[in-house]
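The block underneath contains the structure these notes are about, expressed in C-alpha cells.
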Amino acid sequence: MKLASWNINSIRQRHTHVQQWLTKEQPDWLFLQEIKCQNEQFPTEIFEEMGYQVIVNGQKAYNGVAILSRHPFQLNHTVLPDLNEEEPQARYLEIESQGVTLCNLYLPNGNSGGEEGFQRKLHFIDALINRAEHLLQHKQDCIFAGDFNICPTNQDYAPQTLSAEDALVKPESRNGFYQLLWLGLTDALRAIYPTETLYTFWDYTRGAWQRNAGLRIDHALLSPKIAEQLKSFTIDKAERDKEQPSDHVPIIIEF
DNA sequence: ATGTCGGGCACAGCCCGA
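Going by full-length UniProt numbering, the first sequence opens with residue 1, and the numbers climb by one from there.
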C-alpha cells in the first residue's frame, strides 16, 4: 500500500500539479491539506476520472483537507471528536479504508492570534492524542499523516530559520508530538532515516529553497502493526523545483 | 523586519495567514 500526504497551498492553483503527480505515483491514498476552498469548489471530477474517490472537508479561504482514495471507504470524522471549538475549522478528515483508519490532519500553525492562537494549536494536539489513544486501545490499525506544523527536534529545522519562541518548536508543541510517540505511534521517517537531516517545507521567502533553509513539519505516524510493515518513506523534493510549486512537497509511505 | 505566496474584498491595492 502506498499513502501520500501533501500540503498543496490551494488546490485551485495546483490541481494540475496533483493530476500529474498522481499519474506518476499512483498512490492508494493521497491526503491533501490547505486546499483553501469550499467543498463545491474542489475539482472532484478530474480526480474521479483518474479512478479516485474523493472526500472533501473544505471551508472558505483558509485551511481545508481532502482525501483521494483508490479504494472504497467509510467516513469516520470531519472534526476531531474531543475538539470543542465555537467555530470549528476544516483541519481534520478521518476515513476507514482497507481495514485501516486513515487520519488526515492540518494542525493550526499557532503563530497568529497571540496566546489564544497558540492555545488553539495545543487544544488540537490534545484532541489528536485522545483520538490516537482511543484507536490504539481498540487495536485499530491507524495512520495519522499531514501537516503537523511541529518540528519535533532541533534537527528538523534549518539553523536560524526559527526563533525558540516559534509555535513550531515551542516545548508545548513538541511535547504533544512526543506524547503521540509515547502512545506507541512510530514516526515513519525516523524509522527509516534515524539521523539524516531532512525537510518537507521550504518557505517562499528569502530564497529558502535555494539555501535549503527548510523545515520537517509534514509527518506520518503509524500504529504498531503498520509500522512493522513499513517499507519506505519518500520526500518528493522534485516538486519544490517545479513552476508555481507549493511550499510543501509530498511525503510518501509504502507498507 | 526581511520576503513571497494565496484568498478575500471588491475592482485597486491592502490585509490576513503562512
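No residue lacks a Cβ here, since even glycine has one placed at the ideal position from N, Cα and C.
{"query": "Secondary structure of N135, DSSP reduced to three states", "result": "For the sequence presented, residue 135 should be read as Leu rather than Asn. Correct three-state label for L135: helix."}
{"query": "Meets three-Cβ-pair contact criterion under 8 Å: the region 53-67 and the region 28-41", "result": "yes"}
{"query": "Residue from N109, G110 and Q74 with nearest C-alpha to L93", "result": "Q74"}
{"query": "Which of helix, strand or coil DSSP assigns to E87", "result": "coil"}
{"query": "CA-to-CA distance, E165 to M50, given in whole angstroms", "result": "44 Å"}
{"query": "Distance CB(V65)-CB(R91) smaller than 8 Å", "result": "yes"}
{"query": "Selected residue, minimal CA-CA separation from F31, among Y106, E87, R12 and Q20", "result": "Y106"}
{"query": "Span of the beta strand (DSSP E), counted from its first residue to its last, around N104", "result": "V100 to Y106"}
{"query": "L230 beta carbon less than 8 Å from that of L183", "result": "no"}
{"query": "Through-space distance from T205 to P88, alpha-carbon basis", "result": "30 Å"}
{"query": "In DSSP terms, what I67 is bridged to", "result": "F31 and I55"}
{"query": "Those residues which DSSP pairs with G110 across a bridge", "result": "Its beta-bridge partners do not exist; DSSP assigns none."}
{"query": "C-alpha gap between L11 and H123, whole angstroms", "result": "Rather than Leu, the amino acid found at residue 11 in this sequence is Ile. One C-alpha to the other measures close to 27 Å."}
{"query": "Cβ neighbour criterion (16 or more within 10 Å) applied to K121", "result": "buried"}
{"query": "Extent of the continuous beta strand (DSSP E) to which H219 belongs", "result": "D218 to L222"}
{"query": "Residue environment, N149, which counts as buried when at least 16 other CB atoms sit within 10 Å", "result": "buried"}
{"query": "Minimum length 3: unbroken beta strand (DSSP E) runs contained in the region 163-197", "result": "none"}
{"query": "Y199 beta carbon less than 8 Å from that of L180", "result": "no"}
{"query": "CB contact flag (F177, P152, <8 Å)", "result": "yes"}
{"query": "Range covered by the alpha helix (DSSP H) that runs through E94", "result": "Not the alpha helix (DSSP H): E94 falls in the beta strand (DSSP E), residues Y92 to S97."}
{"query": "6 Å Cβ shell around L189 - same chain, five flanking residues per side excluded", "result": "F233"}
{"query": "Cβ pair I67, I46 closer than 8 Å", "result": "no"}
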